[in-house]
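Chemist:
2 protein chains.
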Amino acid sequence: MIIQIGKPFPIGGELIIMNITDIAKEAGVSISTVSRVINNTKPVSENIKKRVFDIIEKNNFKPNVLARSLITKKTNVIGVIVPDISNSVFGLLIKGINSVCSDRGYTLMVTESGGDINNEIKLLDVLADKKIDGILFAGVDVNNKLVAEMQSKDYPVILVTQEASDGDGIINTVVHDNVKAEFDATKFLIDNGHKQIAYIGGPKYDYSSGKKRLKGYKLALAEAKIKLVESYIEQGEFSFQAGYSGMKKLYEENSILPTAVVTGSDIIAMGVIQFLSSVGVNVPDDISVIGFDDLEFSTYFKPELSTVRISYFDEGAIAAKQLIELLEGVHVIPQTHYVPHKIIRRSTIKNIN
Amino acid sequence: MIIQIGKPFPIGGELIIMNITDIAKEAGVSISTVSRVINNTKPVSENIKKRVFDIIEKNNFKPNVLARSLITKKTNVIGVIVPDISNSVFGLLIKGINSVCSDRGYTLMVTESGGDINNEIKLLDVLADKKIDGILFAGVDVNNKLVAEMQSKDYPVILVTQEASDGDGIINTVVHDNVKAEFDATKFLIDNGHKQIAYIGGPKYDYSSGKKRLKGYKLALAEAKIKLVESYIEQGEFSFQAGYSGMKKLYEENSILPTAVVTGSDIIAMGVIQFLSSVGVNVPDDISVIGFDDLEFSTYFKPELSTVRISYFDEGAIAAKQLIELLEGVHVIPQTHYVPHKIIRRSTIKNIN
DNA sequence: CAATTTTATTATATATATTGAACATATTAT
DNA sequence: ATAATATGTTCAATATATATAATAAAATTG
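Chains as they are written, first to last, in my numbering: chain A, 105 to 457; chain B, 105 to 457.
Written out as structure tokens, the structure is:
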């Protein structure tokens with residue numbers, strides 16, 4: 105660790121920052137007139153308009169947003185709460201959010217909750233204190249308590265990626281249909297001739313996507329009249345490690361192995377495949393595996409992972425658009441917007457029909 | 105895409121938000137006294153202090169940060185500029201930044217530049233308008249023009265992950281030593297007996313990490329008295345595709361293949377390995393490959409990627425700590441802080457000694 | 001006990017912009 | 001020419017807190 109020493113900070117001359125009073129004085133008009141010119145709120149003669157604009161330009165004057173927001177009650181800042189900033193699912197989500205926000209003149213205040221509800225509640229207040237205009241909330245287990253907290257605030261909250269327990273029609277939500285998506289994934293395996301299908305998924309919080317995905321899996325089995333085998337189901341974290349150990353447990357506890365595994369996420373699927381490979385079970389020849397999310401890396405993984413593509417970027421973008429509309433007075437009725445998913449077939453599924 | 109319709113937003117009673125005047129009135133003291141109590145700036149009798157605090161508590165009063173910042177000239181918001189929010193390198197960086205900022209009462213305003221200098225300059229202003237206290241800047245090609253822009257502002261900027269052209273001693277910087285890191289990576293291959301070593305790296309901007317890493321590669325060859333073969337060098341994007349096509353070009357244009365490839369990033373390395381595998385070249389038996397970054401996925405990749413571990417989380421955390429110290433009046437002399445890297449050996453390097 | 005110092009409290013200025021009402025001027029209609 | 005309308009501008013209030021100077025009260029000292 106090398107440290108290099110140099111000139112002290114800061115460098116550069118004094119910046120003269122003018123305020124609206126200075127501009128008004130220099131233009132020989134009242135403060136109000138300058139305000140009118142800037143905000144185009146009432147007619148101002150072309151003469152004066154030009155003179156004021158010129159002076160604004162010359163001095164590079166920008167109205168102080170703090171003072172402005174103090175009156176207008178609007179900061180043009182949107183708060184974002186995600187469980188994990190470095191998780192690429194949420195990275196993509198934030199990127200999507202940002203793509204529309206930055207275009208529409210909004211800036212993002214991004215916070216990380218760790219998926220902990222107390223932290224989430226705290227952040228709801230932290231952001232409120234910062235006077236954000238609204239919040240885009242990506243939770244893990246959005247229970248009634250959390251929803252109640254959100255509704256007690258004086259700003260709108262839109263849920264992204266994760267719907268609320270009883271949120272339908274109460275709180276705006278933009279998600280993918282976890283149940284349907286995992287249903288489709290499972291059905292895809294069934295359509296490919298599989299009947300012994302295991303499930304290795306995420307955590308079992310009451311209102312989590314882990315639980316919903318499991319439900320989709322079960323529904324698909326039921327629809328195909330395949331009997332559910334409890335020892336074929338493992339639940340844990342959304343992690344490589346959890347996939348690995350979940351598969352290990354399943355492998356060790358079942359004398360008859362499944363021919364296919366539905367997973368709760370791509371990362372889990374990778375862990376599953378890693379374990380199978382470690383015990384000489386070939387994917388897809390011996391066991392087929394399907395992931396969930398469609399991460400960029402799932403294409404680079406060997407064998408290339410079949411999965412359910414979830415458009416997190418789009419979810420973020422749509423949710424942001426909805427929030428901004430809400431903020432700008434468009435009347436939006438609380439609704440749950442489902443962004444479509446898509447089954448992606450790569451190399452981890454074998455047709456055994 | 106299903107849309108469900110329900111009750112209109114927002115729900116819940118009217119929130120009564122009190123201001124300092126209301127508190128003062130209710131406590132029967134002056135506004136100033138309330139301010140004293142809140143900020144503990146001048147002595148207030150225990151009596152009054154308690155009375156005021158009780159009323160604040162009861163009404164859940166929080167001073168309006170906009171009004172406060174208007175006077176104190178401090179918002180406790182730190183601006184972050186990164187090229188790509190969803191890139192896990194920057195995800196990790198932001199996570200590191202956030203880890204110290206949230207502890208110290210700062211909130212992050214995160215923006216994405218796309219690595220475009222004009223955008224970066226624009227964002228420097230956008231964030232200034234939002235009255236951030238300072239900026240953590242992760243650039244791609246931090247040239248003199250950009251540095252000049254930063255220094256013309258009235259807030260401090262600290263560079264993370266990417267140093268400036270002539271930034272030493274001018275602007276605070278927290279980075280890894282790209283030259284040294286790639287030098288070490290190359291030397292590691294040399295120490296493992298390799299003499300024909302190719303380089304497939306990132307873009308060749310004047311002040312980019314791509315260029316620095318290339319330099320490290322060249323220095324290591326020079327030190328080992330290995331002659332540089334120009335056709336063994338390919339430069340492009342930091343992407344899987346670029347790694348793939350770079351390796352393809354190199355493969356097609358050289359009759360004698362190298363025995364090892366140094367790459368500019370893990371993703372590039374994965375592309376390289378993918379191509380090699382597509383033409384039946386085995387890694388590491390035929391060709392050894394080393395990556396750069398040490399992404400989480402590099403362990404899941406097959407064969408497990410050897411690489412140079414860069415601690416992006418730490419860089420973010422250290423840079424944030426430095427910025428906050430600067431903001432809180434600790435005298436910090438501009439310096440370049442190098443966060444140590446580490447060679448990680450996994451399965452893509454063969455010792456041919 | 002008066003004088004001085006310390007402590008507590010209030011009044012006022014400051015930070016910076018928006019906004020509605022009031023006033024002034026210019027233009028058009030009768 | 002007078003009234004009515006449209007346009008332009010200013011004043012004063014508002015938003016909400018901090019900071020400093022001024023005042024009042026209490027405590028200490030000679």
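All C-beta atoms in this analysis are idealised placements derived from N, C-alpha and C, irrespective of residue type, glycine included. Note that the structure is predicted; figures quoted are calculated from it, not measured.
What are the uninterrupted segments assigned as alpha helix (DSSP H) that are 4 or more residues long and contained completely in the stretch 168–233 of chain B, given in chain order?
Modeler: You should have 169–176, 192–207 and 221–233.
Chemist: Can you tell me whether Q439/B is helix, strand or coil according to DSSP?
Modeler: As a first step, residue 439/B must be located in the second sequence, where it is residue number 335. Reduced to three states, the DSSP call for Q439/B is strand.
Chemist: Take A285/B and list the residues in its own chain whose beta-carbon comes closer than 8 Å to its own, dropping the five residues that flank it on each side.
Modeler: Within the second sequence, the letter at position 181 stands for residue 285/B. The residues are R317, G320, F396, V412, I414 and H445.
Chemist: State buried or exposed for P147/B, treating a residue as buried only when at least 16 other CB atoms are found within 10 Å of its CB.
Modeler: Taking the second sequence and counting its residues from 1, one reaches residue 147/B at position 43. It counts as exposed.
Chemist: Give a yes or no on whether 8 Å exceeds the smallest Cβ distance from S410/B to chain A.
Modeler: Along the second sequence, read from residue 1 onward, the residue named residue 410/B stands at position 306. It does not: the Cβ of S410/B has no partner Cβ on chain A nearer than 8 Å.
Chemist: Does the distance from the C-beta atom of L231/B to that of M213/B stay below 8 Å?
Modeler: On the second sequence, position 127 is the one that residue 231/B refers to. On the second sequence, position 109 is the one that residue 213/B refers to. It is a contact, given that the beta carbons lie within the stated cut-off.
Chemist: Could you tell me whether any Cβ in chain A is nearer than 8 Å to the Cβ of N123/B?
Modeler: Sequence index remark: in the second sequence, residue 123/B carries index 19 (1-based). With 8 Å as the cut-off, N123/B does not count as an interface residue toward chain A.
Chemist: Can you pull out the residues from the stretch 228–240 of chain B whose beta carbon lies closer than 9 Å to at least one beta carbon of chain A?
Modeler: Hits within the stretch, in order: D229, V230, L231, A232, D233, K234 and K235.
Chemist: May I ask you to verify whether the stretch 285–303 of chain B touches the stretch 248–264 of chain B, counting CB pairs closer than 8 Å and requiring at least 3?
Modeler: No, they do not touch.
Chemist: Which residue's Cα is closest to the Cα of E224/B: I239/B, Y210/B and M122/B?
Modeler: The residue labelled residue 224/B in the question sits at position 120 within the second sequence. Nearest option by C-alpha distance: I239/B.
Chemist: Taking only runs that begin and end inside the stretch 383–411 of chain A, name each unbroken alpha helix (DSSP H) of 4 or more residues, in chain order.
Modeler: Correct list: 401–404.
Chemist: Could you check whether H441/A and I422/A sit closer than 8 Å to each other, using their CB atoms as the reference points?
Modeler: Residue numbering aside, residue 422/A sits at position 318 when the first sequence is read from its first letter. Residue numbering aside, residue 441/A sits at position 337 when the first sequence is read from its first letter. Contact: yes.
Chemist: Closer than 8 Å by C-beta to I236/B: which residues in its own chain qualify, once you throw out the five before and the five after it? Chain order, please.
Modeler: Translated into positions along the second sequence, residue 236/B becomes position 132. Cβ neighbours of I236/B beyond the five flanking positions: T179, V181, I182, G183, M213 and Y259.
Chemist: Using a Cβ-Cβ cut-off of 7 Å (strictly less than) and excluding sequence neighbours within five positions of Q266/A, which residues of its own chain qualify?
Modeler: Residue mapping note: residue 266/A aligns to position 162 of the first sequence, counting from 1. These residues qualify, in order along the chain: A242, G243, V244, V246, V279 and S313.
Chemist: Check whether chain A comes within 8 Å of F405/B, counting only Cβ atoms and requiring the distance to be less than that.
Modeler: Within the second sequence, residue 405/B is the residue found at index 301, counting from 1. It does: the Cβ of F405/B has a partner Cβ on chain A nearer than 8 Å.
Chemist: Less than 8 Å between the beta carbons of I189/A and G209/B, yes or no?
Modeler: Locating residue 189/A in the first sequence gives position 85, counting from the first residue. Locating residue 209/B in the second sequence gives position 105, counting from the first residue. No, the pair does not count as a contact, with Cβ atoms beyond the cut-off.
Chemist: Using the Cβ count rule (16 or more neighbours within 10 Å means buried), how would you classify E161/B?
Modeler: Looking up residue 161/B in the second sequence gives position 57. Classification for E161/B: exposed.
Chemist: Taking M351/A as the query, report the chain B residues whose CB atoms sit under 9 Å from its CB, ordered along the chain.
Modeler: If you number the first sequence from 1, residue 351/A lands on position 247. By Cβ distance, chain B contributes nothing, its closest Cβ being about 14 Å from M351/A, past 9 Å.
Chemist: What residues in the stretch 335–348 of chain A have a beta carbon less than 7 Å from any beta carbon of chain B?
Modeler: Cβ contacts with chain B: F344.
Chemist: Since I believe N168/B is in contact with N123/B (beta carbons under 8 Å), could you give me their beta-carbon distance rounded to a whole number of angstroms?
Modeler: Within the second sequence, numbered from 1, the residue matching residue 123/B stands at position 19. Within the second sequence, numbered from 1, the residue matching residue 168/B stands at position 64. Contact flag correct, Cβ pair sits at about 7 Å.
Chemist: Could you give the C-beta distance for M404/A and Q378/B, rounded to a whole number, given that I count them as a contact under 8 Å?
Modeler: Here residue 404/A is taken as the residue at index 300 of the first sequence, counted from 1. Here residue 378/B is taken as the residue at index 274 of the second sequence, counted from 1. For the record, residue 404/A in the displayed sequence is Tyr; it is not Met. Yes, they are in contact, since the Cβ atoms of Y404/A and Q378/B sit about 7 Å apart, within 8 Å.
Chemist: Let me check one thing: in DSSP terms, what residues is I448/A bridge-paired to?
Modeler: Here residue 448/A is taken as the residue at index 344 of the first sequence, counted from 1. T411/A.
Chemist: Report the three-state DSSP secondary structure of G306/A (helix, strand or coil).
Modeler: Working through the first sequence from its first residue, we reach residue 306/A at position 202. In this structure, G306/A counts as coil in the three-state DSSP scheme.
Chemist: Can you give, in chain order, each stretch of the beta strand (DSSP E) that sits fully within the stretch 280–341 of chain A and has at least 3 residues?
Modeler: DSSP runs (the beta strand (DSSP E)) wholly in the stretch 280–341 of chain A: 301–305 and 337–339.
Chemist: Nearest-angstrom Cα distance between Q426/B and I185/B?
Modeler: Mapped onto the second sequence, residue 426/B falls at position 322. Mapped onto the second sequence, residue 185/B falls at position 81. Spanning the two alpha carbons is a distance of roughly 16 Å.
Chemist: Identify the continuous beta strand (DSSP E) that holds T367/B and give its terminal residues.
Modeler: Here residue 367/B refers to the residue found at position 263 when the second sequence is read from its first residue. Element bounds for T367/B: A364 to T367.
Chemist: CA-CA distance, R449/A and I372/A?
Modeler: In the first sequence, residue 449/A corresponds to position 345, counting from 1. In the first sequence, residue 372/A corresponds to position 268, counting from 1. If I take the Cα positions, the gap works out to 17 Å.
Chemist: On the CB-based measure, 16 or more other CB atoms within 10 Å of its CB, does N276/A come out buried or exposed?
Modeler: Sequence index remark: in the first sequence, residue 276/A carries index 172 (1-based). Answer is buried; the Cβ neighbour count reaches 16.
Chemist: Just the chain B side, please: which residues come within less than 7 Å of A171/A by C-beta, in chain order?
Modeler: Indexing the first sequence from 1 puts residue 171/A at position 67. Near A171/A (Cβ distances below 7 Å), the residues of chain B are L174.
Chemist: Helix, strand or coil, according to DSSP, for F165/A in the structure here?
Modeler: Your numbering for residue 165/A matches position 61 in the first sequence. In this structure, F165/A counts as coil in the three-state DSSP scheme.
Chemist: So for L240/B, helix, strand or coil by DSSP?
Modeler: Here residue 240/B refers to the residue found at position 136 when the second sequence is read from its first residue. Three-state DSSP puts L240/B in a strand.
Chemist: DSSP has L263/B in a bridge; who is on the other side?
Modeler: Here residue 263/B refers to the residue found at position 159 when the second sequence is read from its first residue. BP columns for L263/B point to F241/B and T277/B.
Chemist: For S349/A and T290/A, what's the separation of their Cα atoms in angstroms?
Modeler: Against the first sequence, residue 349/A aligns to sequence position 245. Against the first sequence, residue 290/A aligns to sequence position 186. Rounded to whole angstroms, S349/A to T290/A spans 21 Å at the Cα level.
Chemist: DSSP puts V246/B in a beta bridge; with which residues?
Modeler: To locate residue 246/B, count along the second sequence from 1; it is residue 142. Bridge partners of V246/B: A268/B.
Chemist: My output table needs one value for D126/A: the three-state DSSP class, helix, strand or coil.
Modeler: For this step, residue 126/A is matched to residue 22 along the first sequence. Looking at D126/A - three-state DSSP - the assignment turns out to be helix.
Chemist: Do you know how far the Cα of A302/A is from the Cα of S392/A?
Modeler: In the first sequence, residue 392/A corresponds to position 288, counting from 1. In the first sequence, residue 302/A corresponds to position 198, counting from 1. The straight-line gap from Cα to Cα measures roughly 10 Å.
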